[in-house]
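Okay, so the sequence shown: first residue is 874 according to my numbering, each after it adds one. Written below as structure tokens is the structure these notes are about.
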Amino acid sequence: AATAPRIPPTRLALHHFDVNYSLQLKDLWPSVRASLLCEQKYGALLNNFSAVNHVPQELELLNATDFVSEARKKAQRSQQAAAAEEVGRGESRSQEGSGEGRTAMRAETVTQAEMSPLLRASITSNIKCYTFPRGDITRFRPARPDTLGLLDYYLMDAASLLPVLALNVRPDDLVLDLCAAPGGKTLALLETGICGRLAANDVSISRTKRLHQILHSYVPKEIRETVSVTSCDGRDWGQLQGGTFHKVLVDVPCTTDRHSAMEDDNNIFHKRRTKERQMLPMLQLQLLMAGILATKPGGEVVYSTCSLSPLQNEYVIERAVEIAETQFDINCRLGELVLPHLTANFGPMYFCKLRR
């Protein structure tokens, strides 16, 4: 008997997205869909450990700008304008998008994030990430080593930096990156230059090797040696080191929507991975709960995915808060969803901050 033709995982992913995200995003979905199927834009995270100091000038000559510093300036102007308006009217100014749920930001420019309540007071000045303007599809040159072999910048989806900024690391904080590989967010945490101690964990040994490679390529030996890299099941971390950390980043495995729409290799929509995909929200919830338990009272957790799915985003947060409220007080702040846009094709990226 003839066997049924094999449907590529990318086609299965797109069908799944069309059915679900068209209901969720409505008129925005055609634009987001087209963006997912186009080349992704990158940001250049400057390596503060590199001895090369001419890179900012080089990138600025190419018309790239540091979106983190631009966001900080715009946030300050926004706060000043809001304060003036409040004085003038004699009443509180309401913030658009405040309250429960999430705000969806179209990534026409990543600097729209500066208006987020999550980021307004937590933009770390030591982190610098350059992006090209909206509509500019210039590609960054490959990173180059300095005299010690450390590369001058790390190319990443600039939206992936937002959960690190939202974590708002303070001097001497003990920080846990629970699902750290391949290492971009771990590197960004180190680039703040103020972590008291950083623990980077990933359950996958092969992905942890990639994390080690990133650290070796960008971070001096004396700094690398202060980072504790482990390959434990993150779900067990609350039992291993409960109540230890000031800040915890829980960047969970997800459907990685952009990859799933574009690449058949290692695609979670492959039919043999159906059960794994269906179990993702449960895994994500368990990892988030472990992250909460690993946090000191008064500490903060940022949960993030690179998926548009409410089942992997808001619903995981809502369930975690329900569970955690029975044990201790949890303050859940507004979640944010960055939507890809053709003129600035970053994301998708969801992140939400909780305080234990």
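Note that the Cβ used here is the ideal one computed from N, Cα and C, for glycine as well. Please read these numbers as outputs of a predicted model, since none were measured by experiment.
- Residues of the same chain with a CB within less than 8 Å of the CB of THR1099, apart from the 5 flanking positions on each side, are ARG1070, LEU1071 in chain order.
- Contact annotation: the stretch 1113-1131 touches the stretch 1158-1177, with at least three C-beta pairs closer than 8 Å.
- Distance from the CA atom of LEU910 to the CA atom of GLU931, rounded to whole angstroms, is 30 Å.
- C-alpha of LEU935 to C-alpha of ASP1009: approximately 11 Å in a straight line.
- Secondary structure of PRO1044 (DSSP, three-state): coil.
- In terms of CA proximity to ASP1046, GLY1066 leads the group GLY1066, ALA1054, HIS1143.
- Rounded to whole angstroms, the gap between the alpha carbons of ILE1141 and ALA1032 is 22 Å.
- Residue burial is scored here from C-beta neighbours: ASN999 has fewer than 16 other C-beta atoms within 10 angstroms and is therefore classed as exposed.
- Taking the C-beta atoms as reference points, ARG1017 is found nearer than 8 Å to ASP1025.
- Taking all protein chains in view, the Cβ of HIS1143 is crowded by 16 or more other Cβ atoms within 10 Å, so the residue is classified as buried.
- For the options GLU1187, THR938, LYS1226, PRO1015, the alpha carbon positioned closest to that of GLY1164 is the one of LYS1226.
- About 6 Å separates the beta carbons of PRO1055 and LEU1084, which is inside the 8 Å limit, making them a contact pair.
- DSSP places PHE1219 outside both helix and strand once states are collapsed to three, so it counts as coil.
- In the DSSP assignment, PRO1170 falls within the beta strand (DSSP E) that extends over 1168-1178.
- Here LYS1001 is not near SER1077, since their CB atoms are 8 Å or more apart.
- Inter-residue distance for TYR1027 and PRO1213 is about 21 Å (C-alpha atoms, whole angstroms).
- The DSSP-derived three-state label of LEU935 is coil.
- Taking VAL1048 as the centre and dropping the five residues before and after it, the same chain places the C-beta of LEU1040, VAL1042, LEU1062, CYS1068, GLY1069, ARG1070, LEU1071, ALA1072, PHE1118, HIS1119, LYS1120, VAL1121, LEU1122 closer than 8 Å to its C-beta, in chain order.
- According to the DSSP secondary-structure assignment, HIS1214 is paired through a beta bridge with ALA1217.
- Within the DSSP bridge table, the entry for PRO1018 names LEU1024 as partners.
- Separation of VAL1189 and THR938 (C-alpha to C-alpha, rounded to the nearest whole angstrom) is 35 Å.
- Residue environment: ARG950 is assigned as exposed (fewer than 16 neighbouring CB atoms within 10 Å of its CB, all protein chains considered).
- The beta carbons of ARG1131 and CYS1052 sit no closer together than 8 Å.
- Under the three-state reduction of DSSP, LEU918 is assigned to strand.
- Between PRO929 and LEU918, the gap from beta carbon to beta carbon reaches 8 Å or more.
- The shortest CA-to-CA distance from GLU912 to any of ARG1229, ALA1217, ARG1228 is the one to ALA1217.
- DSSP, reduced to helix, strand and coil, places GLY1116 outside both helices and strands of the structure shown, so it counts as coil.
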